Amino acid sequence: MKNASTPPKAFDNALLGFDENGTPFSGLYGDVYHSIAGGPEQAEQVFLTGNSLPERWRSKKHFVILETGFGLGLNFLVAWKAWRGDVRSSRELDYFSIEKHPLTTGELGRVHAAWQKFHPLSEILLRQWPPATSGIHRLEPEAGLALHLCFGDAAALLPVMDIKADAFYLDGFSPSRNPELWTPEIFRSLARCAAPDATLATWSVAGHVRAALTAAGFAVEKHPGFGGKRHRLSGRYRAA
Ligand SMILES: C[S@@+](CC[C@H](N)C(=O)[O-])C[C@H]1O[C@@H](n2cnc3c(N)ncnc32)[C@H](O)[C@@H]1O
């Protein structure tokens, strides 16, 4: 990352709550953090399978994931568990995630308590959880794995990021409630950060999202969706 002059600031609180099904919910955005049909399963199907993982990290020594919206850290925990359990995985995994409204350790602990299958990984993550100050916090939850938590607005941070990502996780709240994470400018920044064979995945198949991703240089296609959703989206960067 080049010098991002992001002065320390207090972040707006995400106003974490739970809907009638017990699904974590942001009062600030009026939307759930993951599918009501199951968070871990959605993360596996939409983001891992959507980026052809674990297969794709097997062919690289060093693999880089870039996510818009760290939220509860569920996608990260799913990726970490799959990577460490895969004897043929890349030797190194760098996971960059941008988050404008970091949750507190207490809030994350409350949500993670429901996911036994991620213990003890979630405890390791929470022990290292940084203070909510803007900028990049580099965590090393285990040898070979770096989590770069980029606290701030993706619209400000992405243009100054200097990385080459192999896989993108597009996981803002719904484009109607969180339009600033699904703009042509955001997607152009992602394209600039794309390794030549980069892929992307998201659960949104909104027409304007597909059009803006295509204009930014990604070839996208729909696949059968998770839970109640008819489709999810996968894409591949078409290097110029
Ligand atoms: C659906 S949640 C992400 C869920 C997450 N990927 C997980 O695995 O738990 C969307 C996240 O995007 C964050 N967000 C919304 N607008 C943002 C912005 N402009 N920049 C960075 N993060 C943003 C929200 O605070 C929220 O945590």
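Each residue of the sequence shown is one higher than the last, beginning at 229 in our numbering. We put the beta carbon where it would ideally sit given N, CA and C, even for glycine. Predicted model, so just to flag it, every value in this text is computed and none were measured.
Using a Cβ distance threshold of 8 Å, Q273 and F454 count as a contacting pair. The beta carbon of W410 sits closer than 8 Å to those of L398, G400, P403, S432, A434, H436, V437 and A440, all from its chain and outside the five residues before and after it, given in chain order. Cα atoms of H459 and A238: separation of roughly 37 Å, rounded to the nearest angstrom. In this structure, L243 sits near L256, with a CB-CB distance shorter than 8 Å. Between the alpha carbons of A419 and G363 lies a distance of about 22 Å. A distance criterion of 7 Å places the beta-carbon of F253 beyond contact range of ligand 1, judged by its closest non-hydrogen atom. Closest in C-alpha terms to G266, from the list S254, G278 and G250, comes G250. For K450, no alpha helix (DSSP H) encloses it; the enclosing beta strand (DSSP E) starts and ends at F446 to P452.
For S417, same chain residues with a beta-carbon under 6 Å away, outside a window of 5 residues either side, are L386 and P387 in chain order.
Shown here for A444: same chain residues with a beta carbon closer than 8 Å to its own, the five before and five after excluded, namely P412, F415, R416, L418 and A419 in chain order. Taking the C-beta atoms as reference points, F298 is found nearer than 8 Å to L377. Given a length threshold of 3 residues, each whole run of the beta strand (DSSP E) inside the segment 337-422 is given here in chain order: 363-370, 373-379 and 393-398. Note: S462 is bridge-paired with A429 and E449 in the DSSP secondary-structure output.
Distances between the C-beta of L336 and the heavy atoms of ligand 1 are all 7 Å or more.
Rounded to whole angstroms, the separation of the alpha carbons of T430 and K457 is 12 Å.
Here the segment 276-295 lies against the segment 317-324, with 3 or more beta-carbon pairs under 8 Å apart.
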